[in-house]
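Chains as they are written, first to last, in this note's numbering: chain A, 72 to 184; chain B, 3 to 115.
Beneath this line is the structure, given in C-alpha cells, with notes to follow.
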C-alpha cells in the first residue's frame with residue numbers, strides 16, 4: 072500500500088522546455104513534502120521542499136506546487152538542462168520535518184538535446 | 003569532503019553468509035537511518051537511531067540488525083542474506099528532528115549469489 076505514488080516511471084523532455092514531475096499521496100496527515108534528485112552511483116540529494124501551509128515554493132529553476140485537496144504535488148523545472156537528467160524522488164512526512172519520510176518510487180527524467 | 007560515507011560501495015555475498023555494511027558521517031548528526039532500495043522501487047526505511055536509541059520499523063525482518071557504536075558510525079548486519087535481500091542500501095543522517103532534510107550516502111549495492 073504505497074502512500075506516496077509517482078505514476079510515471081520515466082519522462083523525456085527537450086532541453087530548454089519545462090519538465091513537470093508529478094506525485095500523489097494518500098495520507099492526509101502528511102504535512103511536509105520533499106523532492107530529491109539522484110544521479111547514478113550517488114545517494115539522493117535534497118532539491119526542494121514545501122510545507123502544507125504553502126501551495127508553492129520556488130528555488131531558482133525549481134518550483135514545487137502543492138494541491139492539498141487533490142493530495143497532489145508537482146515539481147516544475149524550467150528551463151530544463153542536460154544536468155537535470157536524473158531520478159527524482161518525491162517524499163512526504165507527517166511530522167512537519169524530515170525526521171521520518173516516505174518515498175515514492177521515483178521518476179527518471181531524461182533531457183534530450 | 004564526503005559527509006556520509008558508505009563502505010563498501012559494492013558487496014557480493016553468498017546466500018546465507020552474514021554480511022556487514024558500514025556507514026560513517028563527518029557531520030556529527032544525532033540521527034542515522036538505514037534504507038533498503040530495490041530496483042525501481044521507493045527507498046524503504048529499515049530502522050534509525052536517535053543517538054543510541056534504536057527504532058525498528060514494524061515490518062523490518064529480524065534478519066536485519068544494526069549497531070551504532072558511536073556518533074560517527076552505524077552498521078547494518080544481515081545475518082542470513084537471501085536472494086530477496088539483494089538491493090541498494092542507503093545510509094542517511096539528520097541533525098535532529100526539526101530540520102529540512104536527510105543527508106544521504108552514496109549507497110552500497112549488495113549482490114547475493
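All C-beta atoms in this analysis are idealised placements derived from N, C-alpha and C, irrespective of residue type, glycine included.
Taking the DSSP output, what are the residues bridged to residue i?
i	result
residue 69 of chain B	B:77
residue 179 of chain A	A:81 and A:158
residue 47 of chain B	B:37
residue 55 of chain B	B:52
residue 98 of chain A	Answer is none; residue 98 of chain A lacks a bridge partner.
residue 94 of chain B	B:35 and B:106
residue 91 of chain A	A:147
What did DSSP end up calling residue i once you bin it into helix, strand or coil?
i	result
residue 85 of chain B	helix
Interface residues of chain B around residue i at Cβ under 9 Å?
i	result
residue 117 of chain A	102, 103, 104, 105 and 106
residue 153 of chain A	Ordered by position in chain B, no residue passes the 9 Å Cβ test against residue 153 of chain A, which lies about 22 Å from the chain.
residue 145 of chain A	The contacting residues do not exist; residue 145 of chain A stays about 18 Å from chain B at best.
Is it true that the CB of residue j sits closer than 8 Å to the CB of residue i?
i	j	result
residue 89 of chain B	residue 112 of chain B	yes
residue 58 of chain B	residue 80 of chain B	no
residue 98 of chain B	residue 6 of chain B	no
residue 150 of chain A	residue 87 of chain A	yes
residue 176 of chain A	residue 156 of chain A	no
residue 101 of chain B	residue 169 of chain A	yes
residue 36 of chain B	residue 78 of chain B	yes
residue 106 of chain A	residue 84 of chain A	no
residue 103 of chain A	residue 167 of chain A	yes
residue 91 of chain B	residue 70 of chain B	no
residue 23 of chain B	residue 13 of chain B	yes
residue 110 of chain B	residue 8 of chain B	yes
Which residues of chain B have a Cβ atom closer than 7 Å to the Cβ of residue i, listed in chain order?
i	result
residue 79 of chain A	The premise fails here: residue 79 of chain A is roughly 12 Å from chain B at the closest Cβ pair, so nothing lies under 7 Å.
residue 174 of chain A	44 and 45
residue 169 of chain A	96, 101, 102, 103 and 104
Could you tell me which chain A residues have their CB closer than 7 Å to the CB of residue i, listed as they occur along the chain?
i	result
residue 109 of chain B	114
Under 8 Å between beta-carbons, which chain B residues line up against residue i? List them in chain order, please.
i	result
residue 247 of chain A	Missing from the structure shown is residue 247 of chain A; chain A here goes from 72 to 184 and no further.
*Taking only beta carbons into account, state which residues of the segment 88-112 of chain A come closer than 7 Å to chain B, listed in chain order.*
105 and 112
*When Cβ atoms are compared, which residues of the segment 43-55 of chain B fall closer than 9 Å to chain A?*
43, 44, 45, 46, 47, 50 and 52
*Residues in the segment 65-97 of chain B having any Cβ partner in chain A nearer than 7 Å*: 92 and 96
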